[in-house]
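Structure first, then comments.
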Amino acid sequence: MNPRQRHPFPNLHPWRISSRRAGNIQDELRKRIVLEDEIGRVVQVAGVDVGFENDGATARAAVVVLSYPDLTVVESAVARRRVLFPYIPGYLSFRELPSILSALAKVRTMPDIILCDGQGYAHPRRFGLACHLGVITDIATIGVAKSRLIGSHRDVGIEKGSWAHLVHDGEKIGAVLRTRRNTNPVYVSVGHKITLRTAMRYTLACCPQYRLPETTRAAHKLASG
DNA sequence: GCGACAG
DNA sequence: ATCTTGTCGC
């Protein structure tokens, strides 16, 4: 068996659309985000990342599942899809999710938590890539971005574990977290079925040595070369 | 109009 | 994201 044709995740909407319609979809799907912890015993965590080939015409997504808490690679998958949506700040998920979902569909052991390379709730309409992936797959997700999309924050201490709230329009939308001493912090925000506190906890647990989570690092390698 | 702007 | 070697600093 192994019906590779069958997609385990619901196709909630098309991907070749205008940014205007994408925004409406975000406003609609945002209502399905679960902001509470709905996580069982965590034994598998995964990282997803997307690279591009053919001068940006093809998206190459990689998913790597690691055991938790030892963080050793259990399984991985790669999928290529034609890019149907341009890169527009605030609409990243419409560009990267199609390939990510294809790669995730190839994995046999589904992870308990997925760490995404990008924002989650820390988004203009509170529906970044991590939220979108979480709502579609119904898997707990965390957004761990390398840089800021929106929001402001106080200075963060240089010690690992130091952090500050990321605030936008008076709302706490995420955290700026130092995952390694003397290194630029990362931007953590909830995606789906998780609280910010728990998201930060798992993010730190996945960064035993480097700035970025082992999950993201592993996925990035596969998505690039 | 101007600057900002995940990957 | 992507084009790309060496180099400075912990």
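Residues in the first sequence are numbered consecutively from 687, following my numbering. Glycine included, C-beta positions come from ideal geometry on N, C-alpha and C. If you're wondering where the values come from, they're calculated on a predicted model, not measured in any experiment.
Residues of its chain near residue i, where Cβ-Cβ distance is below 8 angstroms and the 5 sequence neighbours each way are ignored
i	result
Asp-841	Ala-850
Pro-696	Ile-822
Assigned secondary structure, residue i (DSSP; H/G/I helix, E/B strand, else coil)
i	result
Glu-900	helix
Tyr-674	Lying outside 687 to 911, the shown extent of the chain, residue 674 is not represented and no answer is given.
Cys-802	strand
Arg-718	helix
Thr-758	coil
Val-821	helix
Gln-712	helix
Asp-741	helix
Ile-828	strand
Ile-786	helix
Leu-835	coil
Leu-770	coil
His-699	coil
Whether residue i touches residue j by CB criterion (9 angstroms)
i	j	result
Ala-808	Tyr-873	yes
Val-736	Val-750	no
Arg-632	Val-821	One cannot answer for residue 632 here, as it falls past the ends of the chain, which runs 687 to 911.
Ala-905	Asp-803	yes
Ile-711	Lys-879	no
Leu-835	Pro-810	yes
Leu-815	Gly-829	yes
Nearest neighbour of residue i, chosen from the options [CA to CA]
i	options	result
Leu-863	Ile-880, Tyr-888, Gly-877 and His-854	Tyr-888
Ile-800	Trp-701, Arg-812, Cys-817 and Arg-768	Cys-817
Asp-798	Thr-823, Glu-782, Leu-890 and Pro-694	Thr-823
Leu-778	Phe-813, Arg-768 and Val-720	Phe-813
Ser-875	Gly-742, Thr-884 and Thr-869	Thr-884
Pro-694	Asp-756, Arg-781, Leu-787 and Ser-762	Leu-787
Own chain partners of residue i with C-beta closer than 6 angstroms, once the 5 adjacent residues on each side are dropped
i	result
Glu-739	Arg-746
Leu-715	Val-821
Arg-690	Per-residue confidence for Arg-690 stands at a pLDDT of 35, beneath the threshold of 50, marking its modelled position as unreliable; no derived number is given.
Glu-722	none
Ala-831	Gly-804, Gln-805 and Tyr-873
Ala-741	One point to set straight first is that residue 741 is Asp, not Ala, in the sequence displayed. Cβ within range, chain order: n/a, list empty.
The region 726-734 in contact with the region 890-903 per 3-pair CB rule at 8 angstroms: In this structure the region 726-734 lies against the region 890-903, because at least three pairs of beta carbons, one per stretch, are closer than 8 angstroms.
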